[in-house]
Amino acid sequence: MSTLQKPKKGILKKSNTIEMKDNEEQAKKNNQQPHLHWDEEAIEEYDKTRGQTMRVDEPKTPYEEAIDDSEEEEHSQQNSHHQHEEKKFELDTHQVQKQLEIARQNQQLNQQVINLTLYFYNLEQNLQYIQKSQKLDINELNRRLNKELDNQDKQLLLDSDEERDYERKKQAKKQLKMEMEKEEEDEDDEEDENNNQQK
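Its first residue numbered 1, the sequence shown is counted upward by one per residue in UniProt numbering.
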């Protein structure tokens with residue numbers, strides 16, 4: 001038979017142990033001061049003593065002299081470089097004034113370029129607007145011309161009809177006139193004949 005064993009209950013309450021641990025940790029934190037471990041302390045002590053005792057005056061070797069010469073050359077090169085930089089940074093008022101004048105001129109030129117750019121942009125916008133309005137005007141003119149042409153065609157047709165009627169009337173009048181003249185001539189001839197016969 002196996003029975004499950006319950007864990008043994010402790011005598012102390014859990015809250016008491018947690019509080020005690022917290023109190024111990026806080027006390028340690030309060031008492032702690034930054035201190036070095038023994039090996040760091042030993043190294044520090046050794047460095048202090050070594051710095052004083054390790055200095056030995058030894059005679060210079062030719063190798064060290066060569067190193068010293070190269071260091072002197074580097075040092076002289078650095079000095080000449082620094083002197084060159086100092087000369088470089090010396091201000092010449094005349095040159096500064098020239099540069100300021102050039103900068104002002106460049107600024108004015110840049111402003112002029114900006115103004116011209118804006119001017120041409122506005123011109124382009126105006127041109128586009130005018131072209132659109134002209135396109136509308138051209139379309140309107142085309143419509144008007146088409147209407148006028150249609151009206152003229154109609155008028156020509158009417159005129160041609162009227163002219164035809166006029167020509168017909170004219171021809172009819174001529175024919176009438178000719179017929180009347182013919183009748184008159186015929187009448188005159190008849191009268192002449194009658195007159196001749198009567199004679």
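Heads up, the beta-carbon is just placed ideally off N, CA and C, and yes, glycines get one too.
- In the DSSP assignment, Q112 falls within the alpha helix (DSSP H) that extends over 93-198.
- DSSP places Q5 outside both helix and strand once states are collapsed to three, so it counts as coil.
- Each residue's CA atom was taken as its position, placing Q152 and N126 some 37 angstroms apart.
- Between the C-alpha atoms of H94 and Q131 there is a straight-line separation of about 54 angstroms.
- Straight through space, the alpha carbons of D159 and N194 are spaced by roughly 50 angstroms.
- Each residue's CA atom was taken as its position, placing E183 and D150 some 48 angstroms apart.
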